[in-house]
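Taken in order, the sequence shown gives residues 35 to 469; the numbers are from my numbering. Where is the CB? At the ideal position from N, CA and C, for every residue including glycine. Being a predicted model, the structure only gives us computed values, none of them experimental.
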Amino acid sequence: MTSELHAYLDGLRVGAFTQSRAGALGFEYDDQYRRSRTATPMSLSMPLARQVHKNAPARAYLRGLLPDSAGRLRELASEYHVSENNPFALLSHIGRDAVGAVQLLPEGEDSDDAATRTGRLQEHSDEDFASLIRDLIANAATWGVRRAGRWSLPGAQPKTALFRTVEGMWATPLDSTPTTHIIKPSVPPYSEHHIVEYMTMAAARHLGLVVAESEMATTSAGDNVFISRRYDRAFTGERWARLHQEDLCQALAVEPDKKYQSDGGPGVGKIADLFRGLPNGSDRQDNSRRFFDALAFNLAAVGTDAHAKNYSLLLDGSRATLAPLYDLGTHAPYPSPEGQPMKLAMSLDGEYIIDRVGENALQVAGRRLGLDPDEALLRAREILRGIVSAFDQAAADANQVLGRVPTIARLRDAIADNARGRGWVASPTVVPLGD
Numbered sequence: 035m036t037s038e039l040h041a042y043l044d045g046l047r048v049g050a051f052t053q054s055r056a057g058a059l060g061f062e063y064d065d066q067y068r069r070s071r072t073a074t075p076m077s078l079s080m081p082l083a084r085q086v087h088k089n090a091p092a093r094a095y096l097r098g099l100l101p102d103s104a105g106r107l108r109e110l111a112s113e114y115h116v117s118e119n120n121p122f123a124l125l126s127h128i129g130r131d132a133v134g135a136v137q138l139l140p141e142g143e144d145s146d147d148a149a150t151r152t153g154r155l156q157e158h159s160d161e162d163f164a165s166l167i168r169d170l171i172a173n174a175a176t177w178g179v180r181r182a183g184r185w186s187l188p189g190a191q192p193k194t195a196l197f198r199t200v201e202g203m204w205a206t207p208l209d210s211t212p213t214t215h216i217i218k219p220s221v222p223p224y225s226e227h228h229i230v231e232y233m234t235m236a237a238a239r240h241l242g243l244v245v246a247e248s249e250m251a252t253t254s255a256g257d258n259v260f261i262s263r264r265y266d267r268a269f270t271g272e273r274w275a276r277l278h279q280e281d282l283c284q285a286l287a288v289e290p291d292k293k294y295q296s297d298g299g300p301g302v303g304k305i306a307d308l309f310r311g312l313p314n315g316s317d318r319q320d321n322s323r324r325f326f327d328a329l330a331f332n333l334a335a336v337g338t339d340a341h342a343k344n345y346s347l348l349l350d351g352s353r354a355t356l357a358p359l360y361d362l363g364t365h366a367p368y369p370s371p372e373g374q375p376m377k378l379a380m381s382l383d384g385e386y387i388i389d390r391v392g393e394n395a396l397q398v399a400g401r402r403l404g405l406d407p408d409e410a411l412l413r414a415r416e417i418l419r420g421i422v423s424a425f426d427q428a429a430a431d432a433n434q435v436l437g438r439v440p441t442i443a444r445l446r447d448a449i450a451d452n453a454r455g456r457g458w459v460a461s462p463t464v465v466p467l468g469d
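Structure representation (structure tokens):
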């Protein structure tokens, strides 16, 4: 006997995931949908040219919708009485509001996205929102114990997804209304994470990179949170629409436990090949340029966690465009464990150790991405030499929100020290005082 999980993209049924009694997964497009000129693929790893797709891409896609946190998966498995290793079973319970435009619903349950979008919402008072965040912090390993909707988010950090009303109230959707924001509390030992992510995202924006909109806030109970506006949600003037996306692991049929290149995951070469195979010429070019900018930025900002799941593509018909950057975070202020050198999540010219990677390696990466080597070198230098100024501006942004707190200056100074040590900016001139 085969079970089905119906797949919808923004309310339109596109096909079904299947699971055999033996556990083998698959995906089959509805034939009428597949033949539409405007059809969007569920994943680039499951192209519309084939109606039926077997276990490997289907499993990688479904696993990519789930949290990376083992504790969170165990909690979900316990709550719904299924195996934590069965993504099909888990998503049959929490797939109503997943990443991108996708909704996954069991047989007999229809998407109501195609109907009215007024939405049923449970609004949260300031105190209730503070309680929800405090629960996430107190139960970080399981992402809280409160039940807060049937959504699924990937990643390892504890987080929740909520809808923000026009009045600024936080709310939990009670139907298919999509969540609009992702909220991550700062959890010990990373109690400064909201500042780190906010400033790193702001610095990237100041250098001209496209990043997700974000902000910092403090709950009425005094807990700090980092808030990201979902770029895979858009208000059309009449309703909230889901925009389809997938991360680069899903696009390449790579399971999340291999998201790091050193564990067998995608590197620059495989991603360059993915871009090169896109049908739209402007997408091929723009994605390569923007991805190259991100590689250079993560080197300059000492970003050690920029693996393939931290890059995504927005899919719309035959178009596939690199999504705004998210989950950026510098590691510059923090010592490496046991004195080990800090490493990139993706190697550049075969090298992971950040202190050994420079302009030449970036130029090689640019060439592999199909960019003009001289133009790639110029852009790399612009980012490397502009990183201190960008973090200076990010520090000013953070000061406006939080006031002058020591973490902001420490982070800014760590970036400056690293850049000077690498020779990307000049060291300040010390003028000796006369007698």
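Task: Rounded C-alpha distance that separates Gly-49 from Tyr-63 - done: Start at 1 with the first residue of the sequence shown, and residue 49 comes out as number 15. Start at 1 with the first residue of the sequence shown, and residue 63 comes out as number 29. So the two alpha carbons sit approximately 4 Å from each other.
Open item on the list: Contact defined as beta carbons within less than 8 Å: I believe Pro-290 pairs with Asp-131. What is the distance between those atoms, to the nearest angstrom?
Closed with: Translated into positions along the sequence shown, residue 290 becomes position 256. Translated into positions along the sequence shown, residue 131 becomes position 97. At roughly 19 Å, the Cβ-Cβ gap does not stay under 8 Å, so Pro-290 and Asp-131 are not in contact.
Open item on the list: Does the beta-carbon of Leu-405, which I'm using as the reference point, lie nearer than 7 Å to any heavy atom of the ligand COA?
Closed with: Annotation note on the ligand COA: not contained in the displayed structure, which lists no ligands.
- [ ] Put Ala-148 into one of helix, strand or coil per three-state DSSP.
- [x] Position 114 of the sequence shown, counting from 1, holds the residue named residue 148. For Ala-148, the pLDDT reaches just 46, beneath the cut-off of 50, and the residue's location in the model is therefore unreliable, leaving the point undetermined.
Open item on the list: Just verifying my parser: in three-state terms, what is the DSSP assignment at Glu-393?
Closed with: Indexing the sequence shown from 1 puts residue 393 at position 359. Residue state, collapsed to three classes: helix.
- [ ] Please report how far the alpha carbon of Ala-306 lies from the alpha carbon of Leu-96, in whole angstroms.
- [x] Residue 306 sits at position 272 when you count from the first residue of the sequence shown. Residue 96 sits at position 62 when you count from the first residue of the sequence shown. Those two C-alpha atoms are separated by around 24 Å.
TODO: Please classify Lys-377: is it buried, with 16 or more other beta-carbons within 10 angstroms of its beta-carbon, or exposed?
DONE: Taking the first residue of the sequence shown as position 1, residue 377 is located at position 343. Lys-377 comes out buried.
Open item on the list: Given this structure, state the Cα-to-Cα distance separating Lys-24 from Glu-249, to the nearest angstrom.
Closed with: The first residue shown for the chain is 35 and the last is 469, placing residue 24 beyond what the model contains.
Task: Neighbourhood of Ala-148 by C-beta, 6 Å cutoff - its chain only, sequence neighbours within 5 removed - done: Taking the sequence shown and counting its residues from 1, the one referred to as residue 148 is at position 114. Any reading at Ala-148 needs caution, since the residue's pLDDT is 46, under 50, leaving its predicted position unreliable; the model's value is listed next. Take Ala-148, set aside five residues on each side of it, and the residues of its chain with a beta-carbon closer than 6 Å to its own are Gly-45, in chain order.
Task: Gly-183, buried or exposed, once every other Cβ within 10 Å from all chains shown has been counted against 16 - done: Position 149 of the sequence shown holds residue 183. Low confidence applies here, because Gly-183 scores a pLDDT of 49, under 50, leaving its location unreliable; read the following figure in that light. With 16 or more Cβ atoms within 10 Å of its Cβ, Gly-183 is classed as buried.
- [ ] Can you say whether Glu-201 is buried or exposed, counting buried as having 16 or more other CB atoms within 10 angstroms of its CB?
- [x] As a first step, residue 201 is located in the sequence shown; it is residue number 167 there, counting from the start. Glu-201 should be labelled exposed.
Open item on the list: Beta-carbon within less than 7 Å of Val-459's beta-carbon, same chain only, minus the 5 sequence neighbours each way: which residues are those?
Closed with: Here residue 459 is taken as the residue at index 425 of the sequence shown, counted from 1. Excluding residues within five positions, the ones whose Cβ falls inside 7 Å are Arg-419, Val-422 and Ala-453.
Task: Continuous alpha helix (DSSP H) stretch holding Thr-441: start and end - done: Numbered from its first residue, the sequence shown carries residue 441 at position 407. Judged by DSSP secondary structure, Thr-441 falls within the alpha helix (DSSP H) whose first and last residues are 440 to 456.
TODO: In angstroms with no decimal places, state the Cα-to-Cα distance between His-40 and Asp-65.
DONE: Along the sequence shown, read from residue 1 onward, the residue named residue 40 stands at position 6. Along the sequence shown, read from residue 1 onward, the residue named residue 65 stands at position 31. Distance between the alpha carbons of His-40 and Asp-65: 14 Å.
Task: Buried versus exposed call for Gly-98 [16 or more other C-beta atoms within 10 Å across all chains shown] - done: The sequence position of residue 98 within the sequence shown is 64, counting from 1. Classification of Gly-98: buried, given that the 10 Å Cβ count is 16 or more.
Open item on the list: Please tell me whether Thr-72 and Gly-351 are closer than 8 Å, where the distance is taken between their beta carbons.
Closed with: For the purposes of this step, residue 72 is taken as the residue at position 38 of the sequence shown. For the purposes of this step, residue 351 is taken as the residue at position 317 of the sequence shown. Yes, the Cβ-Cβ distance between Thr-72 and Gly-351 is below 8 Å.
Task: Helix, strand or coil at Pro-140 [DSSP, three-state] - done: Along the sequence shown, read from residue 1 onward, the residue named residue 140 stands at position 106. Strand.
Task: Whole-angstrom distance between Leu-196 and Leu-333, CA atom to CA atom - done: The residue you call residue 333 lines up with position 299 of the sequence shown. The residue you call residue 196 lines up with position 162 of the sequence shown. Between Leu-333 and Leu-196, the alpha-carbon positions lie close to 33 Å from each other.
Task: Member of Pro-140, Gly-384, Gly-301 and Ala-104 whose CA lies at the smallest distance from the CA of Pro-192 - done: Numbered from 1 along the sequence shown, position 158 holds the residue referred to as residue 192. For the residues Pro-140, Gly-384, Gly-301 and Ala-104, the minimum Cα distance to Pro-192 belongs to Ala-104.
TODO: State buried or exposed for Phe-326, treating a residue as buried only when at least 16 other CB atoms are found within 10 Å of its CB.
DONE: Along the sequence shown, one-based indexing puts residue 326 at 292. Residue burial is scored here from C-beta neighbours: Phe-326 has at least 16 other C-beta atoms within 10 angstroms and is therefore classed as buried.
TODO: Report all residues from its chain with a CB closer than 7 Å to the CB of Glu-161; omit the five preceding and five following residues, and keep chain order.
DONE: Taking the first residue of the sequence shown as 1, we reach residue 161 at position 127. Within the same chain, Glu-161 has close Cβ partners Ser-254.
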